[in-house]
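Using full-length UniProt numbering, read the sequence shown as starting at 1 and increasing by one per residue. First up is the structure itself, then whatever we jot down about it.
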Amino acid sequence: MIDFPITDLLDDASCLQWLEQHLHPDGVVCPQCGRADRRLFVRNQAFPGYRCRACATYYTILTGTAFEKTRQRPATLVLLVRGIATGESTARFSRELGISRKQLDTLRLRVQTNVGETAPTDVMDGTEFEADELYQNAGKKGTPQRDPDDPPRRRANKRPGRGTDANDRPPIVSIMSRTTKEHRYWVAETTTKDELHPLVRENVPAGSTVWFSTDERASYAGSHPQHGTVCHSRHAWARDDDGDGRREVHCNTCEGRGAALRTYLRPFRGTRERARREHRLVLHR
Numbered sequence: 001m002i003d004f005p006i007t008d009l010l011d012d013a014s015c016l017q018w019l020e021q022h023l024h025p026d027g028v029v030c031p032q033c034g035r036a037d038r039r040l041f042v043r044n045q046a047f048p049g050y051r052c053r054a055c056a057t058y059y060t061i062l063t064g065t066a067f068e069k070t071r072q073r074p075a076t077l078v079l080l081v082r083g084i085a086t087g088e089s090t091a092r093f094s095r096e097l098g099i100s101r102k103q104l105d106t107l108r109l110r111v112q113t114n115v116g117e118t119a120p121t122d123v124m125d126g127t128e129f130e131a132d133e134l135y136q137n138a139g140k141k142g143t144p145q146r147d148p149d150d151p152p153r154r155r156a157n158k159r160p161g162r163g164t165d166a167n168d169r170p171p172i173v174s175i176m177s178r179t180t181k182e183h184r185y186w187v188a189e190t191t192t193k194d195e196l197h198p199l200v201r202e203n204v205p206a207g208s209t210v211w212f213s214t215d216e217r218a219s220y221a222g223s224h225p226q227h228g229t230v231c232h233s234r235h236a237w238a239r240d241d242d243g244d245g246r247r248e249v250h251c252n253t254c255e256g257r258g259a260a261l262r263t264y265l266r267p268f269r270g271t272r273e274r275a276r277r278e279h280r281l282v283l284h285r
């Protein structure tokens, strides 16, 4: 596959404007006092430096972000964000950007960790919701396994079906609002009631006018007042419960998004388990 020096084809001024717009959607303000009144302090560098007129704090548009203290060009950072969002492999991307793989991996993890820290935690909006889970192989690459009762597993985990975090096949739980199309993911340790019920309560609004659909998994039972299920083991995929002619009880949307998540995670099959938790958040956002 051909590598392209794509950073040379982008304009740094346009990339700087794009970064400012997306890193500071409400406008650049002083990170110390929160005021917008500033003066240009350093001009001749990739990211201009500013002095706050109120408290004299020095800052750039990268201050307080995941890219703080980086020395990369604006074009490089824009392409880095794009590569993370599209699932580019770190090895190939490091060659195209001219950055060492170790440095790029550090930047990538920093961005993905920031996505996790800023993920929404409030109750989702809507009147129709569905949930589902999938199971993804993920090991502990680079972690010493000194317990004789828990030896490192061989490559290509052959464990079928459902798994847990303990056996290197952690479940990824998804909840979707059909009203707003918002989709959220969580990497869980197991899929017991103790894990699934809090996720449903904290993200799906309760009420008699809110529908919540899942498959026949028993762990969801009692998680919501208006909970409907379809039995996939009996080849039932959708059902009309209210008699309006529309089969509203299903989790087909989550199933489809789960297939997209697997496709997104496929290039990272050799990554560490802790990193995989961050990869799913990028797709979530």
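Backbone N, C-alpha and C define an ideal beta-carbon position, used for all residues, glycine too.
How is residue i classed by DSSP in three states: helix, strand or coil?
{"i": "Cys232", "result": "Inspection of the sequence shows that residue 232 is occupied by His rather than by Cys. DSSP places His232 in helix when its eight states are reduced to three."}
{"i": "Ser89", "result": "coil"}
{"i": "Arg239", "result": "strand"}
{"i": "Val28", "result": "coil"}
{"i": "Val204", "result": "coil"}
{"i": "His197", "result": "helix"}
{"i": "Val111", "result": "helix"}
{"i": "Arg246", "result": "coil"}
{"i": "Arg73", "result": "coil"}
Comparing alpha-carbon positions, which option in the options lies nearest residue i?
{"i": "Pro171", "options": "Leu261, Arg35 and Glu20", "result": "Leu261"}
{"i": "Thr164", "options": "Glu195, Thr113 and Arg246", "result": "Glu195"}
{"i": "Cys15", "options": "Leu40, Phe47 and Arg35", "result": "Phe47"}
{"i": "Gln226", "options": "Glu248, Trp237 and His235", "result": "Glu248"}
{"i": "His22", "options": "Trp186, Arg39, Arg35 and Ala66", "result": "Ala66"}
{"i": "residue 292", "options": "Val187, Asp242, Glu20 and Val204", "result": "Because the chain in this structure spans residues 1 to 285, residue 292 falls outside the shown range and cannot be described."}
{"i": "Cys254", "options": "Gly27, Gln112, Asp132 and Tyr58", "result": "Asp132"}
Who are residue i's beta bridge partners in DSSP?
{"i": "His227", "result": "Phe212"}
{"i": "Asp132", "result": "Ser174"}
{"i": "Trp18", "result": "Answer by DSSP bridge pairing: none, since Trp18 is not bridged."}
{"i": "Gly49", "result": "Val42"}
Buried or exposed for residue i, going by 16 or more other Cβ atoms inside 10 Å?
{"i": "Arg280", "result": "Residue confidence for Arg280 is low, a pLDDT of 48 falling below 50, so the modelled location carries little weight; the figure read from the coordinates is stated next. Buried, by the Cβ-count rule."}
{"i": "Thr90", "result": "buried"}
{"i": "Val123", "result": "exposed"}
{"i": "His24", "result": "exposed"}
message: Taking contact to mean 3 or more Cβ pairs, one atom from each stretch, closer than 8 Å, check whether the stretch 6 to 26 and the stretch 59 to 75 are in contact.
response: yes
- prompt: Quick one: any contact between the stretch 225 to 234 and the stretch 186 to 194, if contact means 3 or more CB pairs under 8 Å?
  reply: no
query: Do the stretch 208 to 218 and the stretch 111 to 131 touch if we need at least three Cβ pairs shorter than 8 Å?
result: yes
message: If contact is defined by three or more beta carbon pairs under 8 Å, each pair taking one atom from either stretch, is the stretch 31 to 41 in contact with the stretch 51 to 59?
response: The stretch 51 to 59 is in contact with the stretch 31 to 41.
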